[in-house]
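Only one structure is covered here, and it is reproduced in the block below.
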Amino acid sequence: MKRIDLSPFELQVFLVLAETGSFRSVAQHFALSQPAVSRAVARIEQRIGARLFDRTSRSVVPTPQGDALLPIARRVIHDLTTS
Numbered sequence: 002m003k004r005i006d007l008s009p010f011e012l013q014v015f016l017v018l019a020e021t022g023s024f025r026s027v028a029q030h031f032a033l034s035q036p037a038v039s040r041a042v043a044r045i046e047q048r049i050g051a052r053l054f055d056r057t058s059r060s061v062v063p064t065p066q067g068d069a070l071l072p073i074a075r076r077v078i079h080d081l082t083t084s
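In this text, residue positions in the sequence shown follow the working numbering: the first is 2, and each later residue adds one.
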């Protein structure tokens, strides 16, 4: 199994985008620009080796790979914030 290193920040960006479906919401949540969020998501997808979101002009929804990552990301962030 390939080890994939994502930072807690990257996992949080992924989670907020998956939950809100909005790059704008992620940017506001983390006080970032939308291009910075786009770059962060591109880095995450590059490290994972898969597209995690389907993007249209009106929506952003997790792909099956994104759906598979959701419970893992939630568990990791939960463990980090409750320890």
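Glycine included, C-beta positions come from ideal geometry on N, C-alpha and C.
Beta-carbon gap between Arg-14 and Ala-41 smaller than 7 Å: Position 13 of the sequence shown, counted from the first residue, corresponds to residue 14. Position 40 of the sequence shown, counted from the first residue, corresponds to residue 41. The sequence as given places Val at residue 14; Arg does not occur at that position. Result yes, Cβ atoms of Val-14 and Ala-41 sit closer than 7 Å.
Name the two residues that bound the continuous alpha helix (DSSP H) containing Asp-55. As a working note, residue 55 is residue 54 in the sequence shown. Here Asp-55 belongs to no alpha helix (DSSP H); instead the beta strand (DSSP E) covers 54 to 56.
For the candidate residues His-30, Arg-4 and Ala-69, whose alpha-carbon lies nearest to that of Phe-10? Position 9 of the sequence shown, counted from the first residue, corresponds to residue 10. The option with the nearest alpha carbon to Phe-10 is His-30.
Quick one: Cα of Ala-28 to Cα of Pro-36, how far? Counting from one through the sequence shown, the residue named residue 28 turns up at place 27. Counting from one through the sequence shown, the residue named residue 36 turns up at place 35. If I take the Cα positions, the gap works out to 9 Å.
DSSP bridge partner residues for Pro-72 (one or two, in chain order): As a first step, residue 72 is located in the sequence shown; it is residue number 71 there, counting from the start. Looking at the DSSP assignment, Pro-72 forms no beta bridge with any residue, so it has no partner.
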